[in-house]
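Q: The following block contains the structure, expressed as structure tokens.
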Amino acid sequence: MDIMQVEDSLVCTRRIPGLARVSFRVLRGPLGERAVAVDTVGARPGNWVFTISGSAARLAVGNGILTDLSIGGIIDRWEEDATSVRD
Numbered sequence: 000m001d002i003m004q005v006e007d008s009l010v011c012t013r014r015i016p017g018l019a020r021v022s023f024r025v026l027r028g029p030l031g032e033r034a035v036a037v038d039t040v041g042a043r044p045g046n047w048v049f050t051i052s053g054s055a056a057r058l059a060v061g062n063g064i065l066t067d068l069s070i071g072g073i074i075d076r077w078e079e080d081a082t083s084v085r086d
């Protein structure tokens, strides 16, 4: 699992059937890297979230959705140590 921040929604009008009914979010990691995740919780831009990857991401979404990265939850707060990176 990783902590990432939601940048924006991703709109795709043409999708394979296994992704027809899901919402996508563009996420930014602590080093500026971007990723696209299936949104299972209704995250909004600016929210900090934790992600689930690999086969666990498919299990988190259920219903045969094809994904390797899903948002598992919206973070309300967390305690950081001095070595972590956060805007």
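Numbered as in numbering that gives the first Met the number 0, the sequence shown ends at 86 without a single skipped number.
For each residue, glycine too, the CB sits at the ideal point set by N, CA and C.
Buried or exposed: where does S54 fall if 16 or more other Cβ atoms within 10 Å of its Cβ makes it buried?
A: The residue is exposed, with fewer than 16 neighbouring Cβ atoms inside 10 Å.
Q: How long is the line joining the alpha carbons of R13 and A19, rounded to whole angstroms?
A: Approximately 8 Å, taken between the alpha carbons.
Q: Starting from the Cα of S129, find the closest Cα among F23, D1, S52, L30 and give me that residue.
A: Because the chain is modelled from 0 through 86, residue 129 falls outside the range shown and cannot be assessed.
Q: Kindly indicate which residue of I74, E79, L68, I73 has the alpha-carbon position closest to the one of V37.
A: Nearest C-alpha to V37: L68.
Q: Grab me the residues of R43's own chain with a C-beta within less than 7 Å of its C-beta, minus the 5 sequence neighbours each way, in chain order.
A: Hits under 7 Å: V5.
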